[in-house]
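Note that the UniProt record's numbering has the sequence shown beginning at 1, numbered continuously upward. Idealized CB from N, CA, C, for every residue including glycine. Predicted model only: the values in this text are computed from it and were never measured.
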Amino acid sequence: MTIALRRRSRRREFLASQPPGLLDDKRLYRAPALEKGLDILELLAAEDHPLTMSAIVTRLGRSTGELFRMIQVLEHRGYVAQGADGYVMTPRLFHLGLKRPPVRSLMEQALPEMRLLADRIGQSCYLAIPSGAASSVIARTEANTTVGFSVRVGYRRPIHETPSGQVLYAFQTQQTQREWDGLFDPPLSDQARNDLIATADMLRGQGFARTDSAEMPGMVELAVPIIRGDRAVAVLTVPFIRIIDAAVDVDQALAELRATATRISEQLIGNDARI
1 MTIALRRRSR
11 RREFLASQPP
21 GLLDDKRLYR
31 APALEKGLDI
41 LELLAAEDHP
51 LTMSAIVTRL
61 GRSTGELFRM
71 IQVLEHRGYV
81 AQGADGYVMT
91 PRLFHLGLKR
101 PPVRSLMEQA
111 LPEMRLLADR
121 IGQSCYLAIP
131 SGAASSVIAR
141 TEANTTVGFS
151 VRVGYRRPIH
161 ETPSGQVLYA
171 FQTQQTQREW
181 DGLFDPPLSD
191 QARNDLIATA
201 DMLRGQGFAR
211 TDSAEMPGMV
221 ELAVPIIRGD
231 RAVAVLTVPF
241 IRIIDAAVDV
251 DQALAELRAT
261 ATRISEQLIG
271 NDARI
């Protein structure tokens, strides 16, 4: 099933659950042109590689005539760029999101603490926030060492696939978790969702994630939530590299990370930083 067909199916299910009067109102206010543009952006945002026009048309289940002008406008406005291999989404939409007052306020509080943390432990760190059913890196700080590891700003991964995403999921209300469950594309199997819930319960109980990296032997992913109210608005992660002359060991790095996350969380109290 294509992305467009899945999205339409979900929309029909949602509308079917609404009161009859509200259903009529929603049909009155549809904007087909806007929906096509958003479909294109959502498709490109989920892809790691460029897509040709024909691939976009096929994946969205629409005609070339329907999408050609939309792509041209998105390219003219700087949201989409065309290369030799096809179309890709530019960072423009991401940078617009960073200008939102809540995100800007979070970064203003977090970045000074992140710099101090990187200096104390000799390891890089990065800050990620929820973005649909994924986590998105919005800031990073690299350690002043000869060996290190860093994650690029804008990097996105499905929430259930990374320790930092799982921490974000763990420290949400049940209602928010259910909303995120409905955004996974493709949907999680029953077994995968049960595994995610079990992992989230464990992480919430201990207050952090400490996981050997499946992608890089010798690296331990340490992740701690940034809390505001009853939920995590972000997660602070240290991709800890085991090196011979490390400034601290994993336990010390985790302790410093947790203390840093606590300070950032306390600074957000009284600050209207809803994300």
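Give me, in chain order, the residues of the same chain whose beta-carbon lies closer than 8 Å to that of residue i; leave out the 5 immediate sequence neighbours on both sides.
i, result
"A110", "L127, A139, I226, A234, L236, I264"
"A55", "G86"
"G21", "Note that G21 scores 49 on pLDDT, short of 50, meaning its location in the model is unreliable; the coordinates nonetheless yield the value given after this. For G21, where only same-chain residues beyond five positions count, there are no Cβ hits under 8 Å."
"Q252", "I121"
"I71", "I40, M53, I56, V80, Y87"
Using C-beta distances below 6 Å, list every residue in its chain close to residue i, excluding the 5 sequence neighbours before and after it, in chain order.
i, result
"T52", "G86"
"T211", "P163, E221"
Looking at residue i: is its Cβ nearer than 8 Å to the Cβ of residue j?
i, j, result
"A133", "L67", "no"
"L117", "T260", "yes"
"V167", "A198", "no"
"R152", "S135", "no"
"M89", "L41", "yes"
"R115", "T141", "yes"
"P239", "S124", "yes"
"G78", "R92", "yes"
"I244", "G218", "no"
"V80", "L38", "no"
Assuming residue i is part of the beta strand (DSSP E), what are its boundary residues?
i, result
"R210", "209-212"
"R231", "231-241"
"A139", "134-141"
What first and last residue would you give for the alpha helix (DSSP H) that runs through residue i?
i, result
"A81", "No alpha helix (DSSP H) holds A81; the beta strand (DSSP E) holding it covers 80-83."
"M219", "That residue, M219, is in no alpha helix (DSSP H); its beta strand (DSSP E) goes 219-228."
"A33", "32-45"
"V88", "Looking at the DSSP string, V88 is not in any alpha helix (DSSP H); the run it does join, the beta strand (DSSP E), is 86-89."
Assuming residue i and residue j make a contact with CB atoms under 8 Å, what is their CB distance in whole Å?
i, j, result
"R193", "A170", "About 14 Å separates the two Cβ atoms, so there is no contact after all."
"Q172", "A232", "7 Å"
For residue i, I'd like the list of residues in its chain whose CB is within less than 7 Å of its CB, leaving aside the five on either flank, ordered along the chain.
i, result
"Q177", "Y169"
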